[in-house]
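First the structure, in the form of structure tokens, and then the observations on it.
4 protein chains.
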Amino acid sequence: MQHSAAFASDNAAPTHPAVLEALIRANDGAVGSYGRDPFTERATAQLRTVFASPEAEVVFAFTGTAANVIALSAAVRPWHEILCSDVAHALLDEAGGPVRISGAQLTRLPSDDGIIDAGELERRVARRGDVHHSQPRIVTITQSTENGRVWTAPVLREFIDRAHAADLLVHIDGSRIANAVAALGVTPAEAIGDADIVTVGGTKNGQMFGDAVLVRRPELFDGIRFVQKQIGQLASKQRFVAAQFEAMLTDDLWLQVAAHANAMAARLSAGVTALGFRLAAPTEANEVFVYLDDAARDRLSDYAVHQPDALTPVFRFVCSWATTADEVDDVLERLRGRS
Amino acid sequence: MQHSAAFASDNAAPTHPAVLEALIRANDGAVGSYGRDPFTERATAQLRTVFASPEAEVVFAFTGTAANVIALSAAVRPWHEILCSDVAHALLDEAGGPVRISGAQLTRLPSDDGIIDAGELERRVARRGDVHHSQPRIVTITQSTENGRVWTAPVLREFIDRAHAADLLVHIDGSRIANAVAALGVTPAEAIGDADIVTVGGTKNGQMFGDAVLVRRPELFDGIRFVQKQIGQLASKQRFVAAQFEAMLTDDLWLQVAAHANAMAARLSAGVTALGFRLAAPTEANEVFVYLDDAARDRLSDYAVHQPDALTPVFRFVCSWATTADEVDDVLERLRGRS
Amino acid sequence: MQHSAAFASDNAAPTHPAVLEALIRANDGAVGSYGRDPFTERATAQLRTVFASPEAEVVFAFTGTAANVIALSAAVRPWHEILCSDVAHALLDEAGGPVRISGAQLTRLPSDDGIIDAGELERRVARRGDVHHSQPRIVTITQSTENGRVWTAPVLREFIDRAHAADLLVHIDGSRIANAVAALGVTPAEAIGDADIVTVGGTKNGQMFGDAVLVRRPELFDGIRFVQKQIGQLASKQRFVAAQFEAMLTDDLWLQVAAHANAMAARLSAGVTALGFRLAAPTEANEVFVYLDDAARDRLSDYAVHQPDALTPVFRFVCSWATTADEVDDVLERLRGRS
Amino acid sequence: MQHSAAFASDNAAPTHPAVLEALIRANDGAVGSYGRDPFTERATAQLRTVFASPEAEVVFAFTGTAANVIALSAAVRPWHEILCSDVAHALLDEAGGPVRISGAQLTRLPSDDGIIDAGELERRVARRGDVHHSQPRIVTITQSTENGRVWTAPVLREFIDRAHAADLLVHIDGSRIANAVAALGVTPAEAIGDADIVTVGGTKNGQMFGDAVLVRRPELFDGIRFVQKQIGQLASKQRFVAAQFEAMLTDDLWLQVAAHANAMAARLSAGVTALGFRLAAPTEANEVFVYLDDAARDRLSDYAVHQPDALTPVFRFVCSWATTADEVDDVLERLRGRS
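Right under this line is the structure:
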């Protein structure tokens, strides 16, 4: 039997029907390429509104890795240093792309499942101005984090304030920003605080493809559209990226589906806990990290599930807009040993 | 009135209906991400078959620029030199991406509308082994060329043979390879000859997005999947790239639509010639380059048309799968001065 | 009064007289440039002999940073990962050069003053073959370390064996290799074990300038001479680099002066310990790291001494070929509070 | 018999005695490293004075290639374009270093032996602001040129004015700037006009090693000292670079020796012309380019002479501070067929 990819990742899910319909509607006649189209104009306006960033520039990309690479590369010159957490996607899961493209050194800071203590920042800038050392320029954090945690609004605010006080820019990798917003019950603007540049995830939220970079201080990222073009992220038929964002951002669909994914993760998390399994991280968004012994893993052998570290028996279950309660219950059922 | 983008580029066209249907069909349930899906498997097999390259690896990308950057960057080390024509897209229209990502020097050779004389190659390798000079490693050519020309099979064969004899690899930028195959009336394999690596265009041919890299000598491009990942071109939901290729390659749809685009270009070319306008390059595929005086340009003011060089009154009309005879005739009508 | 730089670094010292004489002797008539000279030939042969590496290639550079950048950049492709200790010069004191030039991610491993436990290596290669992750390729260690420690021959052998078993190359940053050889009382070959590539320091050992890269497995670093040229490290008048190595390597002068520097450090280390100051690291080569309170630091205010971390009151004293017992004793005298 | 390198290049020559003496004098005690020494201070002040650039920053490097790489890399971001002549050292003889390190595209312009017509510049900036194209940022010219020509002050002024009008910075590769100043009989400031950044050659002029970058608009090259460090060009014992410049710049020694080299070239040029050989370029500084038939080349077989292009029988003779009239006459004698 084929493995089910239902919990393998939120990017194993199909495209949300509303997105598909938007793509069909957008497929009408010739329009200007490379973003000279009304879809791009509208989606850009929506992103500005949703994130309360009227002055922001919006740069579209096909993937989250691309959005991160574009944002970070545009932020730095090649003698700069980028700071990140010890579980950052940009550090561990982008094949070194941010380093290769930017030329900057990427330095990991200790974290609590991706939440970095603001106190880490000051000591990192002690060698600013020293020509022998990379110059710290920007810190990237992830909201919600790679380990399924969320930065609460006050913690985020404090972190960004101290980063700015240390003369560091702040990037948020928001490939799952929708899940964070939904989990926190705050506005999107509060979920990103005063960050200078934000990757806004679309793919994991339900799009076919497409992430965006919200450039809130464009004067500090002046070459960003060249970086986008250089790595092949400027879509010639960009209407088909923009139309997807338009569909998701309309009537808060993006947050509704994220809330659903979070709810499914909460159901799964409560279920495995009730069954006596130990969580490896608190379940705060749409991901559940749980220790499974061999017997339990065997009972779930029909499911492809990600094990981040081959040496530790922690497994990651990711819920998406498409996850159903039945699917969650099937996992629990199997863990209970009844199937 | 809005400008019509009908002739602005083949990437101004919408998605071919067969592609859209394939996307809808592919949108069914969770599947493995990053290419671990049956669509990727099938499209890969089709590309191998179509190009008679059973040993080739296939690497997907979202755009033609990306496919070129991936292919060229994987080919070289940063002390190598890449040779190209003086009108190469990689040289003029990719914002320096191939150079930035590869670190290699990019050297332009004179050409006849993108067709490079094979005699140019030998002299370019005279300093091989000289530590003071970049080391020539690969030559990239475009089929059909940026100026709408095609490399005939014998000319291509001779060129590639001499490149190989000079110990140069050959890349074909085939963002419009379908138009070349259709124009030449040869097999796809003949249209790429013994090239070592080929960008196979999908976007301009009718897809929503998606180009592929056909790696025919994988042992010489061993890190190519890392480059793909690093610049954000590894789609998490890759089934939606692969499904589009599958749709186009089935029953030779890709060649049928290319032949249609070529026919429309031929109709336009014959029409403008009959009206006394001078072509700037022979019309051999789906692009028409024509000199227009100010009066003629004014009569076409409803159309957005690309002028490659601001100092020369040559305008480019590109036909696509979606171009209609009526649209062509409307342009001719206006040039004739009757509308 | 002017600060004395006597203990600021071994590169604050002047050129050893024997080197200066060799430069004067070498200054005779026109010779081939870029290494086509007999001095280069002789110094290359000497380095091969001294390190028992008859097949090694020798690449000269002007500085230790340059030698490291050349060695590491030639070792990797830009999707590779370089491993280093948490105090590595390549990580902290080369302004990000190795990362910028190579494009590779640089990952720090925990260490004991630069001595990395071999057990750290295996877990670092767990994601080899995973396209989402940088591919570990080479580990760089420093002999003697940045904190003045030496790798003993058995520890080094074990480390390199396990690195090779994990399919990692090994680079030794030997900017102070002479001090390590002298301290260990082993042959130079034993002090570098089976390392694949070694930076052999000349500048800190007493030369005016000049470090070398000993490439012991040339087939794995095939483009290294291009890297040397690209970053401006191929001397046109290379005889003046080579002649310095020739002078130092003749009659083991390089080891004699290193032994002297080590002895001076031992004298200083014993002295400060006797005075009740605490060492921050064992003194094993020519560097002494000692905690100094404010009063002690004040009494030494005539001396420029490096404080590696602004937040910790540890000061570094480096002895060189030129350090005298009187200078050491003056420092001790002042610390004792008598001057 | 050994080949004589007397005319192979000006970097085949030994170190000028005055430089050697300065090195010996500088070798006195410990001084601050990395430029914190009085020699650096004095040489910096001299360079500012000599080039009438009181606000300039001075960055030292070991070689001319390094100085060019530093200057050009600091000038650009990796989506910029660098313009150069078709015979530029930075294009042909630095192994692609400027491209690799800067990430910028390097575009050659036609020239008359390295003298570029200012009219070439305007058309090169036509695509400024176009995200699909590299953005022209700086043009580099060489004074005196690689083919032994000099830019006269009025031609240079006109060129730089038009470059600035086109919003292009200007770099001068002055690895032989002394020869140009001496040949033109103008002040050093006039020989570099209003250039924004200048490589000031020391090695070819008589130093053991050492070139400098004169940064006349430091605010436009703000990271330049990091680039210098990253590629290993920040000398720890920088006094030994600076002391050489100090020696050469004192009492105009640098111009006297350049004038001598020029005079030797003029003597050789007149001689070969009188013998009926044809010059390939006018002799305006210290290089003579002459067509030699096989017989003539054979008669000179004791001399190593550079042939820039293997396919053209043009040979380059370079005179230096050390070239004697006897050496010139020996060449002429042999060409005459008498030896």
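Chains as they are written, first to last, in our numbering: chain A, 1 to 339; chain B, 1001 to 1339; chain C, 2001 to 2339; chain D, 3001 to 3339. Virtual Cβ for every residue (Gly too), placed ideally from N, Cα, C.
Q: Taking C/G2202 as the query, report the chain D residues whose CB atoms sit under 7 angstroms from its CB, ordered along the chain.
A: Within the third sequence, numbered from 1, the residue matching residue 2202 of chain C stands at position 202. Here the premise fails: no neighbours, minimum Cβ distance about 11 angstroms.
**Q.** Local conformation of D/T3273 per DSSP, three classes
**A.** Here residue 3273 of chain D corresponds to residue number 273 of the fourth sequence, with the count starting at 1. If DSSP states are grouped into helix, strand and coil, D/T3273 belongs with the helices.
**Q.** A/M1 - DSSP class collapsed to helix/strand/coil
**A.** One-based indexing of the first sequence puts residue 1 of chain A at position 1. Low confidence applies to A/M1: its pLDDT is 44, below 50, so where it sits in the model is not reliable, and the reading given next is rough at best. The answer is coil: DSSP assigns A/M1 none of H, G, I, E or B.
Q.
Using only the alpha-carbon positions, how far apart do A/V227 and B/G1032 sit?
A. The count along the first sequence starts at 1 and reaches residue 227 of chain A at position 227. The count along the second sequence starts at 1 and reaches residue 1032 of chain B at position 32. C-alpha of A/V227 to C-alpha of B/G1032: approximately 30 angstroms in a straight line.
Q: Only counting runs of 3 or more residues, tell me where the beta strand (DSSP E) segments fall wholly within the region 1198-1279 of chain B, in order along the chain.
A: Uninterrupted beta strand (DSSP E) stretches at least 3 residues long and entirely within the region 1198-1279 of chain B occur at 1211-1215, given in chain order.
Q.
Taking DSSP's pairing of strands, which residues face A/V58 in a bridge?
A. Locating residue 58 of chain A in the first sequence gives position 58, counting from the first residue. For A/V58, which the question treats as bridged, DSSP gives the partners A/L214.
Q.
Quick check on the burial criterion: 16 or more other C-beta atoms within 10 angstroms. Buried or exposed for B/L1311?
A. Residue numbering aside, residue 1311 of chain B sits at position 311 when the second sequence is read from its first letter. Answer is exposed; the Cβ neighbour count stays below 16.
Q | Rounded straight-line distance, which links the Cα of B/A1022 to that of A/V24 | A | For this step, residue 24 of chain A is matched to residue 24 along the first sequence. For this step, residue 1022 of chain B is matched to residue 22 along the second sequence. For the record, residue 24 of chain A in the displayed sequence is Ile; it is not Val. Rounded to the nearest angstrom, the two C-alpha atoms are 12 angstroms apart.
Q: Kindly list, in the order they appear in chain A, the residues whose Cβ is closer than 8 angstroms to that of B/V1069.
A: Walking along the second sequence from the start, residue 1069 of chain B turns up at place 69. Within chain A, the residues near B/V1069 are Q230, I231 and G232.
Q.
Taking 7 angstroms as the limit between beta carbons, can you name the residues of its chain near B/G1223, skipping five residues before and five after?
A. Position 223 of the second sequence, counting from 1, holds the residue named residue 1223 of chain B. Excluding residues within five positions, the ones whose Cβ falls inside 7 angstroms are A1074.
Q: Check the Cβ-Cβ distances between C/G2032 and every residue of chain B, and say whether any is below 9 angstroms.
A: Looking up residue 2032 of chain C in the third sequence gives position 32. False, the Cβ-Cβ gap to chain B never drops below 9 angstroms.
Q: Please check if any C-beta of chain B sits within less than 9 angstroms of the C-beta of D/A3012.
A: Residue numbering aside, residue 3012 of chain D sits at position 12 when the fourth sequence is read from its first letter. Judged by the 9 angstroms Cβ criterion, D/A3012 is not in contact with chain B.
Q) Can you list the residues of chain C that A/P78 reaches, using a CB-CB cut of under 8 angstroms? A) Along the first sequence, read from residue 1 onward, the residue named residue 78 of chain A stands at position 78. What A/P78 touches in chain C: G2096 and R2100.
Q.
So B/V1318 and B/F1007 are supposed to be a Cβ contact under 8 angstroms. How far apart are they, rounded?
A. Locating residue 1318 of chain B in the second sequence gives position 318, where the first residue counts as 1. Locating residue 1007 of chain B in the second sequence gives position 7, where the first residue counts as 1. Sure, about 6 angstroms apart at Cβ, within 8 angstroms.
Q: Please classify C/F2145: is it buried, with 16 or more other beta-carbons within 10 angstroms of its beta-carbon, or exposed?
A: Along the third sequence, read from residue 1 onward, the residue named residue 2145 of chain C stands at position 145. One detail in the question is off: residue 2145 of chain C reads as Thr in this sequence, not Phe. By the neighbour-count criterion, in which a residue is buried when 16 or more other Cβ atoms sit within 10 angstroms of its Cβ, C/T2145 is buried.
Q) Which residue comes first and which comes last in the beta strand (DSSP E) that contains A/H171? A) Here residue 171 of chain A refers to the residue found at position 171 when the first sequence is read from its first residue. Note, A/H171: beta strand (DSSP E), L169 to G174.
Q: For D/L3047, write down the residues that DSSP places opposite it in a beta bridge.
A: Start at 1 with the first residue of the fourth sequence, and residue 3047 of chain D comes out as number 47. According to DSSP, which records beta bridges pairwise, D/L3047 is partnered with nothing at all.
Q: Measure the C-alpha to C-alpha separation of C/T2063 and A/A322 and round it to an integer number of angstroms.
A: As a working note, residue 2063 of chain C is residue 63 in the third sequence. As a working note, residue 322 of chain A is residue 322 in the first sequence. Approximately 58 angstroms, taken between the alpha carbons.
(Q) Using 8 angstroms for Cβ pairs, my map puts D/L3106 next to D/P3098. What's the rounded Cβ distance? (A) As a working note, residue 3106 of chain D is residue 106 in the fourth sequence. As a working note, residue 3098 of chain D is residue 98 in the fourth sequence. Right, the Cβ-Cβ distance comes to about 6 angstroms (below 8 angstroms), so this counts as a contact.
Q) Is the beta carbon of D/I3070 less than 9 angstroms from the beta carbon of D/Q3233? A) Here residue 3070 of chain D is taken as the residue at index 70 of the fourth sequence, counted from 1. Here residue 3233 of chain D is taken as the residue at index 233 of the fourth sequence, counted from 1. The answer is yes: Cβ separation under 9 angstroms.
Q | Neighbour list for C/H2306 in chain B, Cβ cutoff strictly below 7 angstroms | A | In the third sequence, the residue the question calls residue 2306 of chain C occupies position 306. Neighbours of C/H2306 on chain B: none; closest Cβ ~34 angstroms, over 7 angstroms.
Q: Check whether the Cβ atoms of A/D10 and A/N262 sit closer than 9 angstroms, and answer yes or no.
A: By one-based count along the first sequence, residue 10 of chain A stands at place 10. By one-based count along the first sequence, residue 262 of chain A stands at place 262. Contact: no.
Q) Quick one: Cα of D/G3337 to Cα of D/D3326, how far? A) The count along the fourth sequence starts at 1 and reaches residue 3337 of chain D at position 337. The count along the fourth sequence starts at 1 and reaches residue 3326 of chain D at position 326. Distance between the alpha carbons of D/G3337 and D/D3326 is about 16 angstroms.
Q: Please compile the residues from chain D whose C-beta is within a distance smaller than 9 angstroms of the C-beta of B/L1092.
A: Residue 1092 of chain B sits at position 92 when you count from the first residue of the second sequence. Going along chain D in sequence order, the residues near B/L1092 (Cβ under 9 angstroms) are R3127, H3132, H3133 and S3134.
Q. Since D/V3125 is in the alpha helix (DSSP H), which residue starts that stretch and which ends it?
A. Position 125 of the fourth sequence, counted from the start, is the residue given in the question as residue 3125 of chain D. Per DSSP, D/V3125 belongs to no alpha helix (DSSP H) and is neither H nor E.
Q: Rounded to whole angstroms, what's the CA-CA distance from C/H2080 to D/N3027? Just pull it up for me.
A: As a working mapping, residue 2080 of chain C is identified with position 80 in the third sequence. As a working mapping, residue 3027 of chain D is identified with position 27 in the fourth sequence. Distance between the alpha carbons of C/H2080 and D/N3027 is about 42 angstroms.
Q. Do B/A1177 and B/T1152 have their C-beta atoms closer together than 9 angstroms?
A. Taking the second sequence and counting its residues from 1, the one referred to as residue 1177 of chain B is at position 177. Taking the second sequence and counting its residues from 1, the one referred to as residue 1152 of chain B is at position 152. Checking the displayed sequence, the identity of residue 1177 of chain B turns out to be Ile instead of Ala. No.
Q. Going by DSSP, what residues sit across from A/V76 in a beta bridge?
A. As a position in the first sequence, residue 76 of chain A is number 76, starting the count at 1. DSSP, once it has assigned bridges, lists no residue as partnering A/V76.
Q: Taking 8 angstroms as the threshold, find out whether the region 250-258 of chain A comes into contact with the region 116-136 of chain A through three or more Cβ pairs.
A: Below 8 angstroms, too few C-beta pairs join the region 250-258 of chain A and the region 116-136 of chain A to call them touching: fewer than three.
Q. With DSSP run on the structure shown, which of helix, strand or coil describes A/L92?
A. Indexing the first sequence from 1 puts residue 92 of chain A at position 92. Three-state DSSP puts A/L92 in a helix.
Q: Closer than 9 angstroms, Cβ to Cβ, to anything on chain A: give me those residues from the region 3253-3283 of chain D, in chain order.
A: none
Q.
Pairs of beta-carbons, one from the region 1168-1176 of chain B and one from the region 1273-1283 of chain B, closer than 8 angstroms: are there three or more?
A. no
**Q.** Continuous beta strand (DSSP E) stretch holding B/V1290: start and end
**A.** Along the second sequence, one-based indexing puts residue 1290 of chain B at 290. Start and end: E1287 to Y1291.
**Q.** CA nearest to the CA of A/Q135, picked from A/Q143, A/R267, A/R123 and A/T142
**A.** Translated into the one-based positions of the first sequence, residue 135 of chain A becomes position 135. Cα-wise, what sits closest to A/Q135 is A/R123.
Q) When the Cα of D/R3137 is compared with those of D/V3131, D/A3090, D/G3096 and D/L3072, which residue comes out closest? A) As a first step, residue 3137 of chain D is located in the fourth sequence; it is residue number 137 there, counting from the start. Considering only alpha carbons, the answer is D/L3072.
Q. How would you list, in chain order, the residues of chain C whose beta-carbon sits under 7 angstroms from the beta-carbon of A/R123?
A. In the first sequence, residue 123 of chain A corresponds to position 123, counting from 1. Going along chain C in sequence order, the residues near A/R123 (Cβ under 7 angstroms) are L2311.
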